[in-house]
Amino acid sequence: MVRSDVSEFLRAVLSKYGMSEEEYKRLLSLANKLRKELEDIIREVYGPVGVKARIAGSISRRTSLNTEFDVDIFVVHPRSFSFSEISDLFEKAALKFYKRYNVVPVREYAAHPYFKGTIGEKDIRITVEIIPCFEWKPGEKVKSPVDRSIEHNRWLNSAYIREPRTRDLAVALKVFFKSLGIYGAEARVGGFSGYLTELLAVYYRDLIRALKDMRSWKSRRVMLSFKEMASKRTHELIKECSSMIFLDPVDPDRNAAAAVREDSIRTLCEAANEAISLIEEGDFEGLSRMFSLEYDESFIERQIMSLFRSNMKDLFVLELPKELCNLHPDVLYTELMRTAEGVKDKLASFGINAEYFIDYKNARVFLRITKPSDGTVIRLGPYANMIRDEIKFLKRNLHKDDALILAFCGERWYVLKRAFTNIMEFLHRVIKESTHGKDIREYIAKGKYRILHGKDAYKAITSLDVEEKAKFLIFYLKIKPWMVRKPWSTR
Numbered sequence: 044m045v046r047s048d049v050s051e052f053l054r055a056v057l058s059k060y061g062m063s064e065e066e067y068k069r070l071l072s073l074a075n076k077l078r079k080e081l082e083d084i085i086r087e088v089y090g091p092v093g094v095k096a097r098i099a100g101s102i103s104r105r106t107s108l109n110t111e112f113d114v115d116i117f118v119v120h121p122r123s124f125s126f127s128e129i130s131d132l133f134e135k136a137a138l139k140f141y142k143r144y145n146v147v148p149v150r151e152y153a154a155h156p157y158f159k160g161t162i163g164e165k166d167i168r169i170t171v172e173i174i175p176c177f178e179w180k181p182g183e184k185v186k187s188p189v190d191r192s193i194e195h196n197r198w199l200n201s202a203y204i205r206e207p208r209t210r211d212l213a214v215a216l217k218v219f220f221k222s223l224g225i226y227g228a229e230a231r232v233g234g235f236s237g238y239l240t241e242l243l244a245v246y247y248r249d250l251i252r253a254l255k256d257m258r259s260w261k262s263r264r265v266m267l268s269f270k271e272m273a274s275k276r277t278h279e280l281i282k283e284c285s286s287m288i289f290l291d292p293v294d295p296d297r298n299a300a301a302a303v304r305e306d307s308i309r310t311l312c313e314a315a316n317e318a319i320s321l322i323e324e325g326d327f328e329g330l331s332r333m334f335s336l337e338y339d340e341s342f343i344e345r346q347i348m349s350l351f352r353s354n355m356k357d358l359f360v361l362e363l364p365k366e367l368c369n370l371h372p373d374v375l376y377t378e379l380m381r382t383a384e385g386v387k388d389k390l391a392s393f394g395i396n397a398e399y400f401i402d403y404k405n406a407r408v409f410l411r412i413t414k415p416s417d418g419t420v421i422r423l424g425p426y427a428n429m430i431r432d433e434i435k436f437l438k439r440n441l442h443k444d445d446a447l448i449l450a451f452c453g454e455r456w457y458v459l460k461r462a463f464t465n466i467m468e469f470l471h472r473v474i475k476e477s478t479h480g481k482d483i484r485e486y487i488a489k490g491k492y493r494i495l496h497g498k499d500a501y502k503a504i505t506s507l508d509v510e511e512k513a514k515f516l517i518f519y520l521k522i523k524p525w526m527v528r529k530p531w532s533t534r
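In this text, residue positions in the sequence shown follow my numbering: the first is 44, and each later residue adds one.
Structure (structure tokens):
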């Protein structure tokens, strides 16, 4: 392994996906202009009460990718304010700001509502998030989870001043995680937030060191912190059994990695192992797939075509009305996941194992049967000393067509029953008897859904956008995430 080659590769990644000096200056200048405009509006709406606008996030730290033209502006309120006091004023100020640019923002939700809209300024289009928070200092109790964001910004900028090269590693790790589909703390990703990614860069300081450590990570056995940090709540955090723990350096009572799922850690572990192997072999073109944000569309389409030839008899698609897509993506994803888990559990009660892929963009759940059934299921009957129950059991099953075999074994009655003869009818029954997300329950009860199979299931796959097609192939064919990415020249 030649470290100079790795350094050259890292420079190539930064050149391709990092923000240039010119881009950074233009974007930061625009962000400051927008912040000042918002602060003027805040004074108009709130009056002289000490509410300020502050920029935080990756733009202010110069760790944004050149594919991410967005800025987070926090409206910082004195701690004496309450949520009920600021709610209407914040909304009025935010909407007045977006109106200046003829933008109708999207109302997003975290611990409390915030706004998001894309503003065009000359030849730049920048997504602006306006987020309410309260003043906060380390050691104080937060009134809102985002109160820490300003301190996160200060802490990371101080770390980058002490060791500037860690900023480059932060950008490279963002590309790496994004390429693997594990970048983002949203429910539909369950991966590494931007803040956590930057903490990892500061912690490891070196790409090789990071990859070598990550390849040995195991879920619920990853616990990281900066050595000067300690917390009385650390033991409680461990007992919470999160997949990963990284104590937040500005608030060690908080786990900065709480959103990371087990499958994200497994993906990262495999990818880090493969990356080290490619580096040792000197295969930097192969490594470029793992640091690529472009999909290999020709590869993806070839794999999709191969699925058509394979018939996919094990694949079924639960398709719900498109109007569900009006829900927030994270809300819809969570609801679809509850439905998928409910159907999976119900199938398991019939001895059928299944796995699922959630298409939240089209309100669909793809179900793959991994362990089929012969259509029968064994049900438990009463024990020998329960005479009345035995009589009821025998009367109920002796003349039923679906009761194939009655048996008495080990002091207990059993019956082998036919669960189904028609798989589609059986799936309709399973879906209706399963538990569902609250927004989906009504549609199922009214029969407002479809089960797709065969050619119809294939059409559902071909209707996916390239990102979701790639995710589906990773799910169905067990393709490694980096294989759906397009390699690029590192020279």
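No residue lacks a Cβ here, since even glycine has one placed at the ideal position from N, Cα and C. Treat the numbers as computed from the prediction; the structure is a model and nothing was measured.
Let me know the secondary structure DSSP gives Val56 once reduced to three states.
-> Taking the sequence shown and counting its residues from 1, the one referred to as residue 56 is at position 13. In this structure, Val56 counts as helix in the three-state DSSP scheme.
Would you check if the stretch 59-69 and the stretch 116-124 touch, i.e. whether three or more CB-CB distances between them fall below 8 Å?
-> no
Could you spell out the range, first to last residue, of the alpha helix (DSSP H) harbouring Tyr226?
-> Position 183 of the sequence shown holds residue 226. Run containing Tyr226: none; DSSP gives neither H nor E here.
Residues bridged to Ala400 by DSSP?
-> Walking along the sequence shown from the start, residue 400 turns up at place 357. At residue 400 the sequence reads Phe, which differs from the Ala that was named. Partner(s): Phe409.
Shortest alpha-carbon distance to Ala391 belongs to which of Pro524, Glu476, Glu194 and Glu229?
-> Here the question's residue 391 lines up with position 348 in the sequence shown. It is Glu476.
Under 8 Å between the Cβ atoms of Leu358 and Ala500?
-> On the sequence shown, position 315 is the one that residue 358 refers to. On the sequence shown, position 457 is the one that residue 500 refers to. For Leu358 and Ala500, yes; Cβs fall inside 8 Å.
When the Cβ atoms of the stretch 298-309 are set against those of the stretch 223-233, are three or more pairs found closer than 8 Å?
-> yes
Kindly indicate which three-state DSSP category Ala99 falls into: helix, strand or coil?
-> Looking up residue 99 in the sequence shown gives position 56. Three-state result, Ala99: strand.
Provide the residue span of the beta strand (DSSP E) that contains Val458, from first to last.
-> Working through the sequence shown from its first residue, we reach residue 458 at position 415. First-last of the beta strand (DSSP E) with Val458: Arg455 to Arg461.
Taking the DSSP output, what are the residues bridged to Gly90?
-> To locate residue 90, count along the sequence shown from 1; it is residue 47. According to DSSP, Gly90 bridges with nothing at all.
For Cys176, three-class secondary structure by DSSP = Stepping through the sequence shown from its first residue, residue 176 is reached at position 133. In the structure shown, Cys176 sits in a strand (DSSP, three-state: E or B).
Rounded to whole angstroms, what's the CA-CA distance from Asp113 to Lys221? Just pull it up for me.
-> Within the sequence shown, numbered from 1, the residue matching residue 113 stands at position 70. Within the sequence shown, numbered from 1, the residue matching residue 221 stands at position 178. Near 16 Å, if we compare the C-alpha coordinates of Lys221 and Asp113.
Whether Glu337 touches Lys529 by CB criterion (8 Å) | Start at 1 with the first residue of the sequence shown, and residue 337 comes out as number 294. Start at 1 with the first residue of the sequence shown, and residue 529 comes out as number 486. Yes, the pair counts as a contact, with Cβ atoms nearer than the cut-off.
Do the stretch 255-272 and the stretch 166-174 touch if we need at least three Cβ pairs shorter than 8 Å?
-> no
How many Å lie between Thr240 and Trp456 at the Cα?
-> Translated into the one-based positions of the sequence shown, residue 240 becomes position 197. Translated into the one-based positions of the sequence shown, residue 456 becomes position 413. Distance between the alpha carbons of Thr240 and Trp456 is about 57 Å.
In chain order, which continuous runs of the beta strand (DSSP E) of length 3 or greater are located wholly inside the stretch 338-385?
-> 358-362
Taking 8 Å as the cut-off, decide whether the C-beta atoms of Tyr203 and Arg54 are in contact.
-> As a position in the sequence shown, residue 203 is number 160, starting the count at 1. As a position in the sequence shown, residue 54 is number 11, starting the count at 1. No; because the gap between Cβ atoms is not below 8 Å, this pair is not in contact.
Measure the C-alpha to C-alpha separation of Thr161 and Glu324 and round it to an integer number of angstroms.
-> Translated into positions along the sequence shown, residue 161 becomes position 118. Translated into positions along the sequence shown, residue 324 becomes position 281. When rounded, the distance between both Cα atoms is 44 Å.
Determine which residues share a DSSP beta bridge with Arg263 and list them.
-> As a position in the sequence shown, residue 263 is number 220, starting the count at 1. According to DSSP, which records beta bridges pairwise, Arg263 is partnered with nothing at all.
Helix, strand or coil at Tyr544 [DSSP, three-state] = Beyond the ends of the chain as shown, which are 44 and 534, falls residue 544; an answer cannot be given.
On the DSSP bridge assignment, give the partners of Val26 in chain order.
-> Outside the shown range of the chain (44 to 534) lies residue 26, about which nothing can therefore be said.
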